[in-house]
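Worksheet: the structure to be examined is printed underneath.
Number of protein chains: 4
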Amino acid sequence: MVKVAIVGASGYAGGELLSLLLSHPGVEEIHLISRQHAGQPVGVVFPHLVHRDDLVFEPLEPEKLSSAVDCIFGSTPAGAARELVLAAMRAGCRYIDLGADFRLRDPALYPRYYRFAHDEETLPWLSQAVYGLPELHREAIRKARLVANPGCYPTAVLLSLAPLLKGGYVGDGPVQVCALSGVSGAGATPAPGYHFPEMTENARPYQVATHRHTPEMEQEASWLAGRPVSVNFVPQLIPASRGILATSFVPLARELTCGEAVALYRQAYGGERFVRVLDEERLPQIKAVAGSNFCDVTVRISPDGRTAIAMAALDNLRKGAAGQAVQNFNLMFGFPEETGLTAVPVYP
Amino acid sequence: MVKVAIVGASGYAGGELLSLLLSHPGVEEIHLISRQHAGQPVGVVFPHLVHRDDLVFEPLEPEKLSSAVDCIFGSTPAGAARELVLAAMRAGCRYIDLGADFRLRDPALYPRYYRFAHDEETLPWLSQAVYGLPELHREAIRKARLVANPGCYPTAVLLSLAPLLKGGYVGDGPVQVCALSGVSGAGATPAPGYHFPEMTENARPYQVATHRHTPEMEQEASWLAGRPVSVNFVPQLIPASRGILATSFVPLARELTCGEAVALYRQAYGGERFVRVLDEERLPQIKAVAGSNFCDVTVRISPDGRTAIAMAALDNLRKGAAGQAVQNFNLMFGFPEETGLTAVPVYP
Amino acid sequence: MVKVAIVGASGYAGGELLSLLLSHPGVEEIHLISRQHAGQPVGVVFPHLVHRDDLVFEPLEPEKLSSAVDCIFGSTPAGAARELVLAAMRAGCRYIDLGADFRLRDPALYPRYYRFAHDEETLPWLSQAVYGLPELHREAIRKARLVANPGCYPTAVLLSLAPLLKGGYVGDGPVQVCALSGVSGAGATPAPGYHFPEMTENARPYQVATHRHTPEMEQEASWLAGRPVSVNFVPQLIPASRGILATSFVPLARELTCGEAVALYRQAYGGERFVRVLDEERLPQIKAVAGSNFCDVTVRISPDGRTAIAMAALDNLRKGAAGQAVQNFNLMFGFPEETGLTAVPVYP
Amino acid sequence: MVKVAIVGASGYAGGELLSLLLSHPGVEEIHLISRQHAGQPVGVVFPHLVHRDDLVFEPLEPEKLSSAVDCIFGSTPAGAARELVLAAMRAGCRYIDLGADFRLRDPALYPRYYRFAHDEETLPWLSQAVYGLPELHREAIRKARLVANPGCYPTAVLLSLAPLLKGGYVGDGPVQVCALSGVSGAGATPAPGYHFPEMTENARPYQVATHRHTPEMEQEASWLAGRPVSVNFVPQLIPASRGILATSFVPLARELTCGEAVALYRQAYGGERFVRVLDEERLPQIKAVAGSNFCDVTVRISPDGRTAIAMAALDNLRKGAAGQAVQNFNLMFGFPEETGLTAVPVYP
C-alpha cells in the first residue's frame, strides 16, 4: 500500500487525480495540498465530492510531505515545482509532475517557452526525468524516480503519429497539427475567454504556432523519427468541458494505402490497453473517450497519396493528465498498469 | 456469480446498464438483447465500447433467455414487456423492469397513461411487483421477483419530498413540480425536437400537467403521506445530455424552519449511501451528480413559512435508471448495495 | 433625431443596446460610457463589433453628459445610478434605467433587497418613475422622464400572468414561480459559477425564494390583481447564453378551461406587437425568441381545474433588457414602438 | 420591387433566407416552396416565425413559379435542381442556387462527388453559371442569370486564402485545411449523429479528405493562383448550432512576415463590407460573426517562415449560405450590396 500526495489538489487535474486515487486499491492515504484552500474540506471546491468532507486540504510543507508519502503528484504552474521536487528527490520520494517543468530535455527551451530556467540543482534531475508517455517509454518509467507527465495535446498528437514516425514514413516538411480542446484544459480559474456566455456556441484558436506544447511534440516526434521533425501547431477551444481531438497532416516519405496505414497502427498498439486503433470505417470522437483513459487513434491517406492524416481523441483530464499520471504511478509502483483506470467512457 | 440479460440493450439505459455490469464483480455473463441490432458487435451502437466488440447483440427469445439467465433487466417500450415478464416469472428468473409496465399499482391508470391494459395473466404479477426505489422499499425489494424500476423524474421528486411526506408536514393542495431533464431522457431515437441545432441554447416544457410520470409520483407520495397527494408536473428539456434537476413547491401543514427541515432530511437519509443531503449553504446541481448514482437533495422554506421548496439533482441514466436498477439487483441478489456503483461524478 | 448615451456600455446589456441603437433610424449620436474601458475602441470589449472601432468608450461625467444628450440608458449596479439620474433630471434629459434603483415603489424594500437607501433627493424621482413594461404601462411611459426598465425575470413572469391577474382569476395562496435563465443574465464578469466547464451540462438553482426580482413581481402582480399577491420564486441557471423560460403555478379563484384561458390571453394581447400568445398545441421555448424582442406566452390548466400553469419565454438581453429599453425609448420619443426592434429570432 | 421564391423553404438555409428577405426593402412578394409542408403555415416548421402564419408553404410547380417571380432561390439536394433551373432560364427568371449543382465548372466532377451528371440541356447553363462569391466574382455576378452560391466551407477557406493565392505566395504542395462546423451545416433532418445527446460535449471529423467541398475549393484556389492547387480537407463537427472556423496550412513560395501578411489582407479586402481583416492581436472566433454576414479573416506565419496559417470564421447560414445568396441577389438586381444584411452579430 502506497501513501500519496496531490499538490495543487484544488485544480481540475488535481480533482481528477483525487477521483481516480480514491478508488485505487493500492493507495492507502491521500494528502491533498492546496495553498489557497488549506483547512477547507474538499466539498467546498468539488461539489461532486461533498460526501467526502472528511478529506481536508493541507498547506504545502515540502520537506515534511516528502518524508510522509511515497509518491507526490505535482500539478503546479510553470517553474513552481523546483523546491518540492528537490525535497522529494532528497527524501527518496517519487514524483510525477503533471506540470511542464521536466518535459523538455533541452534546458534552453524553458526560458523561451516557460519563462523560467533550470539551475545546477535541478539540471541533474532534468536529465534523469522520464517523459511519462507509457506507450513510448514504459520501461524507463518503471525505474524512474521523476516522471514528467506529458501535456494533453502532445499525448494525443504523439500517439496518433508514433507508428508513422517510428516506421520511417514521415517525409520532409513540417507536420501541420490542428487540435481542438475542451475548456477544462485551460484550468479552473475563471477568465473572460472562458466565461460561459463567451464560449458556448463558440470556437476559437489561440497561441497559433506559438503554444508551449509545440517543443514537447517536436522533441518526442524527432526522437521517434530519429531525425528533426518540426511541428506547426494550432490549438483551438471548443464549447465542451473535456476532450481533445487532434488532426495532423503528415508529409509521407513513401507510399502507403489507408489499409496499410491502419494495419501499421494496429500492429504498433496491439498490446496496448488504452490505445484503441479505429478501423477504416470509424473516426475518433471526443464522446467515445470522455471519462476514460482511452486514446482513440486512426489514420487516413489523401487521394494523391502524399499526405497522411492522423487523428486522435482523448479526455484531456484522464489520458491527457490525471489518468496518464495514474498509469505512470502503476508502472512505478508495480501495480497492473490499468489499476484504477478501468472506467469506460460516460456516454452519451 | 450471476448471469444476466439486458433486453433493449441498444438504448441509452441499456448501454448504461452494460457499462455498469461490465465492472460488476458478481456478474459472470451478460446477454445483450436487441432486435434491431441482433448480430452486430456493441461497438456499432456504442462508440465508447469499441474495444468490446467481443460482445454481440442477440435476438430476443423469451423462453430460452429466461432459462439461461438469473436476472433480466428489461428496457422496453410501454406495454411490450408482457411476454418476456411472463416467461421470466415462469422460469423463476428475476426481472427488473426499467420500463413503466409495472410501476403503477392501479391497473386502471395504464390505458389512460400508457395506452395498454394489463390482463389476467399479468395482473397477479402487477400486484406482486415492488416499486424499486430502495430508499423507500428496501426490504420488499430484497425479496421481490419482479421489480418496477422507477422513472427518472419520480426518483428525483420522491427522494426530495419523502421526509416531508413521511413527517406529516405536507398540507392540503397540490404539490407543484417543475423539473428539468437532459435530452438523453428522451431516448436514443433521433427526432426533430432533439436534433442538436434545435436543442442547443434552448429550453422547453413538454407534456405540461399530462406527463406519464405524474401518477407514479402521486402513488408513492400518497403512500408516504398516508393520504391522497396530487401533483402538477411540468417537465422541461434543457440543453444537456444527462441530469435531472427537480424543484417542488410543497404547501406546509405546520411550521418548519429551514434549519429544522434540513435536519429532518439528514435524519431521514442518515444511513443512505446514495442520497446526499445538502446543508443550508449548498444547492443541488446536475454537474455534482452526473456520472454517479448519487441523488443530492435539500429543502428551503419560503419567507412566509407556508411553502417548502424541495430540490433534487440526479443523473437520469444512473440513479434515474440503470444505476438504480443495479442497486435493486444488488439487493435482490445479496450483494452489498453499492457494488458496481461507487464511481464518483465526472466533474467538471 | 435623438442623441443618446449608454452608461455601463461595456456590459452585456450595454452591448445589446449598442447593437440595437446602431441601426435605429431615429438615433443620430451614441455616447458609450465605461469607466473601465474609457479611451478604448469598442472592438476591444465586443469582438462582434470590431469593424466599429470608430466608436470609443468615454469616461463618465454626469453633468456634461446630461446636457449633451437627450436620453441616457443607464446600466449600473444597484445604488450607483443616483448622481447620474439627478444630473439628468436637472438637465431635462430623459433616463431609462436598466438597473434596479427605481423599480420598486416602496422605498423600504431597497435596503433589504439592494443594500442601499433612497434619500430626499431621489425619493421624489422614485415616486415619478414609471415601471417600463409597455404592455402594462404604455401611456405612463410615453410621458415619463424616468423609466425603470423591468428585470428580465419579472418581464417574463408578469407578461405570462397579467391576463389571469387582471381578469380576477387568481385565488388565494402564493404564486409558485420556477424560471430558467441563460448565463448572460449574470453579467459579463467571470466567476467560478459561470466558468464554462462548470456550467456546460449543468443546471442549478440559486437565491431560492430570496432573489431580488421577487418584490418586483409581487408589486406589479398585486397592482394587476388589485390585492396583495405573494410570489415564491426559484431562479435556475441553465447552460445557454441567452433566454428565460418561466413557469408559474397559479391557484385559480374560479374555473377556467384551457381553451378559455388561451382565449383570454389572445384577447389581452391582441394588439401587442411583441407578445405572441401560443395556442393549445404550442409551448414557449427559448430558441423561438432568442435574438428578438418577442415574449411568447401561453397557459395550461391542471386536470383538477384548480391550478393555472402560465409559461413565458423571452431573450433576457432583448425583451428582458435592451430591447425593452428601446421599446420604452420609442414610446418616450414618439417613434413607432417597434422601431429598431423588428429583427426576427436567430434560429436555429 | 422584386418577387422571389424560396424552393426548399423548410430547411435551415430556406428559413434563414426567409428571415432575411422578410425585412429586405426591395422584395415585395415571397413564395415559399416546400413539397413536404405544402399547405402548412410557416409557424409549423419555424417556431420563431409563429407570428407569420399568414405565410403558407406552396407545392413546387416549376413553370408556373418561373413566370410568377423574378428570382428563385433554390435550396435543393444534389442533382434535384435540373428541371427548375431549366424552367427558370426559359422564363427569363434569375436563379440563385444554394445547392451544389452548378458550383463545379468541370462536368466530370459531378458523378464522382455528387452522384449525378449534367446533360446537354444543363451543360450550357453550367458554363454560364457564375460562382457566387462576390468578393472574387462581383462583376460577373451582376450580369449573371444563374449564380451558384458557394458552399459554407469553401466561402471561409477561399476568403482566408485569396490574398496569398492572388499574390503568388503559395508554394508547391497541398494546402492542408482543418475546418470546424456547427451542426446546422448538416441540415434540419434528424439523424443519430446529430442527436443532441450524441453531439453535446463532442467533436468529430467526418468525410476526411473526401468531402464534396474539396473540388470546389481546389477549383477557385487554382483559378486564384493561376495554376493547380490541391487541398486536403478535414471537416469536423463541433457542439454548436452555427458557425465555421477554418484553419489552412499554406506552404509559402517566398518569405513573408506576419505583419506583411496581415497588410496584404487589409489591402485585398480594403473596400469589402463583409470581410473583416483581424490584426496581429486578434484571431477569428465563431461568436464574433454568428448571426451576421461577416467573415473574419487573418493570417499568421510559422516561426520558420515556411508556412502561412490562414484562418476564417463565418456563420454558415449567413455568409456561408443565405446571407451570401442575398448579397448575390442585391448585386443581380441592382440593390446596394449590404441591403438586408446589416444585422450585427448576436453576442454573446
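Protein chains in written order, with the numbering used here: chain A, 86 to 433; chain B, 86 to 433; chain C, 86 to 433; chain D, 86 to 433. Glycine included, each C-beta is placed from N, C-alpha and C at the ideal position.
Comparing C-alpha positions only, which one of the options sits nearest to residue i?
i	options	result
leucine 335 of chain B	B:Val215, B:Ile323 and B:Ser245	In the sequence as presented, leucine is not what sits at residue 335 of chain B; that position holds valine. Checking every option, the nearest Cα to that of valine 335 of chain B belongs to B:Ser245.
proline 61 of chain C	C:Leu349, C:Phe414, C:Val319 and C:Asn317	With chain C covering 86 to 433 only, the question about residue 61 of chain C has no answer from this structure.
proline 421 of chain A	A:Val255, A:Gln412 and A:Ala428	A:Gln412
alanine 73 of chain C	D:Asn317, D:Pro433, D:Lys372 and D:Ser104	Residue 73 of chain C falls outside the range modelled here, since chain C spans only 86 to 433, and no answer is possible.
leucine 221 of chain B	B:Asn234, B:Pro209, B:Val127 and B:Leu211	B:Asn234
arginine 358 of chain C	C:Cys156, C:Glu305 and C:Lys404	C:Lys404
tyrosine 350 of chain A	A:Cys343, A:Val362 and A:Gly356	A:Val362
alanine 193 of chain B	B:Leu106, B:Glu423, B:Gln304 and B:Ala398	B:Gln304
alanine 398 of chain A	B:His133, B:Ala225 and B:Arg190	B:His133
Is the CB-CB distance between residue i and residue j below 9 Å?
i	j	result
proline 259 of chain A	serine 315 of chain A	yes
proline 248 of chain D	alanine 353 of chain D	yes
alanine 338 of chain B	valine 255 of chain B	yes
phenylalanine 187 of chain D	leucine 211 of chain D	yes
glycine 267 of chain A	leucine 322 of chain A	yes
histidine 280 of chain C	phenylalanine 379 of chain A	no
isoleucine 394 of chain C	leucine 341 of chain C	no
tyrosine 198 of chain D	threonine 299 of chain D	yes
So, at 7 Å on beta carbons, what are the nonlocal neighbours of residue i in its own chain, with the 5 sequence-adjacent residues on each side left out?
i	result
glycine 96 of chain D	Ser160, Gly272 and Ala273
leucine 402 of chain C	Tyr97, Ala98, Glu101, Ser269 and Arg327
phenylalanine 201 of chain B	Ala163, Gly164 and Tyr195
valine 135 of chain D	Gly128
serine 108 of chain B	Gly425
lysine 372 of chain C	Tyr432 and Pro433
glutamine 121 of chain D	Ser95
proline 126 of chain B	Asp138, Leu140 and Val141
Keeping to the same chain, check which residues put their C-beta closer than 6 Å to that of residue i; ignore five residues upstream and five downstream.
i	result
serine 119 of chain B	Ala94, Ser95 and Phe142
glutamate 205 of chain D	none
Leaving aside the five residues before and after residue i along the sequence, list all residues of the same chain whose C-beta is less than 8 Å from its C-beta, in chain order.
i	result
aspartate 389 of chain C	none
alanine 264 of chain D	Tyr238, Ala241, Val242, Phe318, Val319, Pro320, Gln321, Ile329, Leu330, Ala331 and Thr332
alanine 176 of chain A	Glu148, Ser151 and Ser152
When the Cα atoms are used, what is the spatial distance from residue i to residue j?
i	j	result
leucine 231 of chain A	proline 275 of chain D	51 Å
isoleucine 91 of chain D	alanine 410 of chain D	11 Å
arginine 227 of chain D	tyrosine 432 of chain D	33 Å
alanine 375 of chain C	proline 219 of chain C	20 Å
glycine 236 of chain A	phenylalanine 418 of chain D	55 Å
alanine 325 of chain A	valine 130 of chain C	23 Å
valine 89 of chain D	glycine 425 of chain D	14 Å
threonine 383 of chain B	methionine 284 of chain B	29 Å
glutamine 261 of chain D	leucine 183 of chain A	32 Å
valine 87 of chain B	leucine 169 of chain B	19 Å
lysine 251 of chain A	arginine 312 of chain A	11 Å
Cβ-heavy atom distance between residue i and the ligand MG below 8 Å?
i	result
proline 162 of chain B	Summarising the ligand content, the structure contains no ligands, and the ligand MG is consequently not present.
Near-chain B residues of the stretch 311 to 322 of chain C - C-beta to any C-beta below 8 Å:
Listed by position along the chain: Ser315, Asn317, Val319 and Gln321.
Report the residues of the stretch 324 to 349 of chain A with a CB closer than 7 Å to any CB of chain B, ordered along the chain.
Sequence-ordered contacts of the stretch 324 to 349 of chain A with chain B read Ser326 [C-beta pairs closer than 7 Å].
Taking a cut of 8 Å between CB atoms, which residues from the stretch 361 to 375 of chain B lie near chain A?
Within the stretch 361 to 375 of chain B, the residues whose Cβ lies closer than 8 Å to some Cβ of chain A are Arg361, Leu363, Arg367, Gln370, Lys372, Ala373, Val374 and Ala375, listed in chain order.
Could you name the residues of the stretch 86 to 106 of chain A whose beta carbon sits closer than 8 Å to any beta carbon of chain B, in the order they occur along the chain?
Flagged, chain order: Tyr97, Gly100 and Ser104.
When Cβ atoms are compared, which residues of the stretch 129 to 147 of chain B fall closer than 9 Å to chain A?
Against chain A - using a Cβ distance shorter than 9 Å - the residues of the stretch 129 to 147 of chain B are Phe131, Pro132, His133, Leu134, Val135, His136 and Arg137.
Residues of the stretch 209 to 229 of chain B with Cβ closer than 7 Å to any Cβ of chain C, in chain order:
Under the 7 Å Cβ criterion, the stretch 209 to 229 of chain B contributes no residue.
Against chain C, which members of the stretch 248 to 270 of chain B pass a CB distance test of less than 8 Å?
Closer than 8 Å at the C-beta level to chain C, one finds these residues of the stretch 248 to 270 of chain B: Gly258, Pro259, Gln261, Cys263, Leu265 and Gly267.
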